[in-house]
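Mind the numbering: the sequence shown is residues 1 to 247 in full-length UniProt numbering, read in order.
Just so you know, even glycine gets a beta-carbon here, dropped at the ideal spot from N, CA and C.
Everything numeric in this text was worked out from a predicted model, so none of it was measured.
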Amino acid sequence: MGLCCSVEPEQQTRQSREERQSLVGNAAPTGQPQQRDASRDLPSDDFLALPRDARKKLAENEKMLEQQKEITPVSPETAHRQKIASDLKRVTEKRRQEEQRKQQENQQQAQSDNELVIASDLLDVGVENEERQKELKLKEEQELAEKKRKEEERIEQERIENAQKMIQEAEAKKKQEEEEGKRKEAEFQQQEEEKQAELKRQQEEQERQAELKKQQEEQERQAELKKQQEEQERQAELKKQQEEQER
């Protein structure tokens, strides 16, 4: 963490320098030496803190000043003042960087101290955390055991319910088959009774017909006997008459 913080100002300085170059185009025309960008002397944080339009405008102005220096001869007095201003900027930037370095060192030291305090606190509560972890593990094992027990009870209850359901279905099927058997038996019994009744009726009819036939034959026999008797009486009468005549 401290190494990351120590590298950050250098990255910001490089970022501000690259952004200045990208905004105005720092490369000189072909055949001319590259000109020094005066905006490089500004503190990086101050330059990056400006809005993008302001940074672009500042870089364009500095570029214009550099171009004007090439065209307009600079007097020794002006050059001296510019050198003093440039030196002052460099000293100011160097002092700012030194203060920033010290501030980062202080921050790193504070961070290190804070980490030591945290490590000490962690060591102090290490045993407590270990006991807590044991309690949590034991609680988790108990919850898993309880969950397993409930799951086994649920499976057993489901098995019992399924068995009871199968028994009820088998009993219902057996009862239905018995009722169906009774119904068929009743139908068969009824058919047998009807059949026996029909046979009895037919037998009675046959007996009645036989009796009628017998009576008819008896009547015919009686009629035949009567006829024979009458014939005998007629023959006797004829014989009697014949005898009378013979006498």
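Taking only three categories from DSSP, how would you classify residue i?
i, result
"residue 86", "helix"
"residue 75", "coil"
"residue 33", "Confidence at residue 33 is low in this model, with a pLDDT of 40, below 50, so its placement is unreliable and no value can be given for it."
"residue 96", "helix"
"residue 28", "Note that residue 28 has pLDDT 39, beneath the 50 cutoff, so the model's placement of it is unreliable and the number below is only indicative. If DSSP states are grouped into helix, strand and coil, residue 28 belongs with coil."
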